[in-house]
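As structure tokens, the structure follows; a few thoughts come after it.
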Amino acid sequence: MIELLQTSPPFAAIAFTLLGLLVGSFLNVVVHRLPKMMEREWQAQCAELRGEDVPTSPTYNLVVPRSACPKCGHAISALENVPVLSWLVLRGRCRGCGTPISARYPFVEALTGILSGYLAFRFGLSWQLLGALAFTWSLIALAFIDLDTTLLPDAITLPLLWLGLLLNLRGTFAPLPAAVVGAAAGYLALWSVYWLFKLLTGKEGMGFGDFKLLAAIGAFLGWKLLPMVILFSSAVGAIVGIALIVFARHGRSTPIPFGPYLAAAGVLALLWGEQLTQQWLAML
């Protein structure tokens with residue numbers, strides 16, 4: 041099997057696409073449950089600081105309890121949890137009560153599967169593939185958590201940063217000095233923007249999670265690709281923000297998560313960053 045994965049890129053792409061579909065199903069759980077787990081932890085810490093008894097509650101983590109319909113409590117069986125296919129067979133509705141199931145669930149599964157298959161085809165069975173998969177899966181989870189909650193959990197961003205530095209001990213994606221500078225520059229770039237905006241307006245323009253996410257991207261890809269990541273994410277974020285204000289009557293004071301644009305730019309830089317940077321420089 042390993043030999044076939046190494047010698048046949050199409051077979052590797054198919055195998056990792058199937059793996060990605062399964063991982064995408066798990067990422068949906070992470071996106072839904074991790075913010076709730078964080079909220080419970082914060083509530084427990086606040087109660088402890090106030091000298092109150094920490095309230096006991098049923099076990100709630102990424103594994104327990106079993107997934108169920110939030111409206112009727114129908115437990116989702118294994119056959120109802122097959123990535124993408126189950127949603128299509130059920131026509132996007134709960135089997136128990138008919139409540140619509142968001143199309144985002146199969147979208148996350150399909151996105152993770154497609155990207156995983158392409159990464160396997162691109163990098164082959166290598167340390168680069170393992171690092172690229174961890175990088176991409178983490179960015180997908182962070183993007184959708186940020187969309188839902190405007191949070192970028194340290195539980196994902198900080199391990200991602202350290203993983204990037206460790207992988208680049210071997211120069212997997214960038215030389216180690218470039219990765220270290222990339223981590224520092226990524227953090228300081230948005231940190232500087234944050235404080236400049238706050239000094240000028242008295243308001244906070246972004247969260248600290250954005251600093252850490254860009255630092256993690258810099259740790260993986262090195263400092264040379266950071267300008268492309270910042271330029272792309274800022275341009276797309278500005279276009280989407282203006283469109284929301286103009287067409288959706290989105291209030292100017294309503295926060296717009298920046299994490300999804302950083303995540304998309306990070307994946308783009310991973311796959312085609314050097315080519316895009318060279319073309320950009322050639323046009324200057």
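Per the numbering used here, the sequence shown starts with residue 41, numbered consecutively.
The C-beta atom is built at its ideal place from N, Cα and C for all residues, glycine as well.
The structure displayed is predicted, hence computed values, not measured ones.
For this session: Confirm, please, whether the CB-CB distance from Ala183 to Gly299 is below 9 Å.
Result: yes
Exercise. Quick one, are the C-beta atoms of Cys109 and Gly136 less than 9 Å apart?
Worked result: yes
For this session: Can you say whether Asp93 is buried or exposed, counting buried as having 16 or more other CB atoms within 10 angstroms of its CB?
Result: exposed
Exercise. Which stretch, first to last residue, makes up the alpha helix (DSSP H) that contains Lys252?
Worked result: Run containing Lys252: 248-261, per the alpha helix (DSSP H) assignment.
Problem set entry | Runs of alpha helix (DSSP H) wholly within the segment 160-198 (minimum 4 residues, chain order) | Here the runs fully enclosed are 167-189.
Problem set entry | Delimiting residues of the alpha helix (DSSP H) encompassing Leu105 | Leu is not the amino acid found at residue 105; the sequence shown has Pro there. Neither: Pro105 is in no alpha helix (DSSP H) and is coded neither H nor E.
For this session: Tell me whether Thr152 is buried or exposed, calling it buried when 16 or more other Cβ atoms sit within 10 Å of its Cβ.
Result: buried
Problem set entry | Beta-carbon proximity of Ala160 to Pro49, cut-off 9 Å | Cβ distance < 9 Å, so Ala160 and Pro49 count as in contact.
Exercise. Among Cys112, Phe251, Gln168, Leu192, which residue has its Cα nearest to the Cα of Ile70?
Worked result: This sequence places Val at residue 70; Ile is not what is there. The shortest C-alpha separation from Val70 is found at Leu192.
For this session: From the DSSP output, in three-state form, read off Ala115 for me.
Result: In this structure, Ala115 counts as strand in the three-state DSSP scheme.
Exercise. What is the DSSP secondary structure of Arg80, counted as helix, strand or coil?
Worked result: The answer is helix: DSSP assigns Arg80 an H, G or I state.
Exercise. Should the segment 229-242 be called in touch with the segment 251-267, which here means at least 3 C-beta pairs below 8 Å?
Worked result: yes
Exercise. Would you say Leu308 and Val269 are within 9 Å of each other, going by their C-beta atoms?
Worked result: Yes, these two residues count as a Cβ contact at 9 Å.
Exercise. What span of residues does the alpha helix (DSSP H) with Ala322 cover, start to end?
Worked result: 299-323
For this session: Report the rounded CA-to-CA distance for Ala115 versus Leu67, giving the unit in angstroms.
Result: 19 Å
For this session: Compute the Euclidean distance between the alpha carbons of Gly313 and Thr241, then round it to the nearest angstrom.
Result: C-alpha of Gly313 to C-alpha of Thr241: approximately 34 Å in a straight line.
For this session: Pair every Cβ in the segment 138-147 with every Cβ in the segment 253-268, then say whether three or more of these pairs are closer than 8 Å.
Result: no
Problem set entry | Burial state of Tyr227 (16 or more Cβ within 10 Å) | Answer is buried; the Cβ neighbour count reaches 16.
Exercise. Is Arg133 near the ligand ATP, with its Cβ less than 8 Å from a heavy atom?
Worked result: Within the structure as shown, the ligand ATP is missing, as the structure has no ligands at all.
Exercise. So which of Leu187, Ser178, Thr190, Ile185 has the shortest CA-CA distance to Leu203?
Worked result: Ser178
Exercise. Where do the ends of the alpha helix (DSSP H) carrying Val122 lie?
Worked result: Looking at the DSSP string, Val122 is not in any alpha helix (DSSP H), and its letter there is neither H nor E.
Exercise. By the 10 Å Cβ neighbour count, where 16 or more other Cβ atoms means buried, how is Asp188 classified, buried or exposed?
Worked result: Exposed is the call here.
Exercise. Hey, quick one: how far does the alpha helix (DSSP H) through Leu239 stretch, first residue to last?
Worked result: 216-241
Exercise. How many angstroms separate the CA atom of Leu169 from the CA atom of Gly247?
Worked result: 30 Å
Exercise. What residues in its chain sit with their C-beta under 7 Å from that of Leu44, if we drop five residues either side in the sequence?
Worked result: Phe51
Exercise. According to DSSP, is Pro95 helix, strand or coil?
Worked result: For Pro95, the secondary structure class from DSSP, reduced to helix, strand or coil, is coil.
For this session: State the DSSP-derived secondary structure class of Pro110, mapped to helix, strand or coil.
Result: coil
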